[in-house]
Amino acid sequence: MKLVFKIGLLLFPFILPATVLAQETSAQGSDQVPPPTIGEPKLEDQESIEGEFNVFTQSYLFLNKGYSFISNNNNGTVNVNGSTSAKASVNTIVVHLYLQRWDAMNGRWVDVINIGEYKNYYSSSVSGSRNVIAPGGYYYRTKATHWLSQSGMIEQSQSFSSYIFVE
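Taking mature numbering (1 follows the signal peptide of the UniProt record, and there is no 0), I'd label the letters of the sequence shown as residues -22 to -1, 1 to 145.
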């Protein structure tokens, strides 16, 4: 028993600092949210929708382009907006917006707020925008579903904004 006690006393100066260091490292890691592995970060100087346009990769008869954009209002809210454009006036044109939050545990984007549909009739474009509450400590982006209807034909695509971190 005395031998175990003596060994413990000898090892104590080495064990204590290692334990404290491990706790500090663990505490630092828990404060940092890992960045998303899907999507692109918003550039620091990117304050407008320039560069956020999504020219659809699939060829459509009427659907031209669309965008989704997010900006931090720095007051606990973010602005979510998007637009859909057609090559010509169509019966119905829609942009449906969602706020997504990065789920680091599962490695995926999750819809957290269904912003809603913005719809125009007999038009070639539609856009919508809304400020929503975004709790700090997370990465967010906008998802937009773009669709239109013309003479019974429906064309649809999606776009995603770059992501931002809300503190």
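Cβ coordinates follow ideal geometry from the N, Cα and C atoms, glycine included.
Beta-carbon proximity list for residue i, same chain, < 8 Å, skipping 5 on both sides
{"i": "S145", "result": "Note on identity: in this sequence residue 145 is Glu, with Ser being the wrong assignment. The answer, listed in chain order, is G114, G115."}
Boundaries (first-last residue) of the beta strand (DSSP E) holding residue i
{"i": "M138", "result": "With the sequence shown as reference, residue 138 is identified as Phe, and Met is not the correct amino acid for it. It spans 131 to 138 - the beta strand (DSSP E) in which F138 sits, taken as one unbroken run."}
{"i": "N69", "result": "55 to 81"}
{"i": "F40", "result": "Unbroken run through F40: none, as it is neither H nor E."}
Of the residues the options, the one placed nearest residue i, counting alpha carbons only
{"i": "S19", "options": "R119, Q134, H124", "result": "Sequence check: residue 19 is Pro here, not Ser. For the residues R119, Q134, H124, the minimum Cα distance to P19 belongs to R119."}
{"i": "Q136", "options": "D81, S129, Y76", "result": "Y76"}
{"i": "residue 177", "options": "M83, N92, S129", "result": "Given a span of -22 to 145 for the chain in the structure shown, any question on residue 177 remains unanswerable."}
{"i": "R86", "options": "I93, N92, Q78", "result": "Q78"}
{"i": "S140", "options": "G17, P12, V11", "result": "G17"}
{"i": "P12", "options": "N53, N84, N92, Q36", "result": "N84"}
Coarse secondary structure for residue i, derived from DSSP in three states
{"i": "Q128", "result": "strand"}
{"i": "G115", "result": "coil"}
{"i": "F143", "result": "strand"}
{"i": "P13", "result": "coil"}
{"i": "G106", "result": "strand"}
{"i": "G85", "result": "coil"}
{"i": "K121", "result": "strand"}
{"i": "N52", "result": "coil"}
{"i": "E18", "result": "coil"}
7 Å CB neighbourhood of residue i in its chain, flanking five on each side removed
{"i": "K65", "result": "F40, N42"}
{"i": "V73", "result": "G44, G60, S61, T62, Y96, V104, S105, G106, A122, H124"}
{"i": "F143", "result": "Y117"}
{"i": "T55", "result": "N109, V110, I111, A112"}
{"i": "N98", "result": "I71, V104"}
Distance between beta carbons of residue j and residue i, contact taken as under 8 Å
{"i": "K121", "j": "S46", "result": "6 Å"}
{"i": "Y100", "j": "P14", "result": "That pair is no contact at about 39 Å."}
Cutoff 6 Å; reference residue i; Cβ partners in own chain excluding five residues on either side
{"i": "S127", "result": "N69, T70"}
{"i": "Y38", "result": "E133"}
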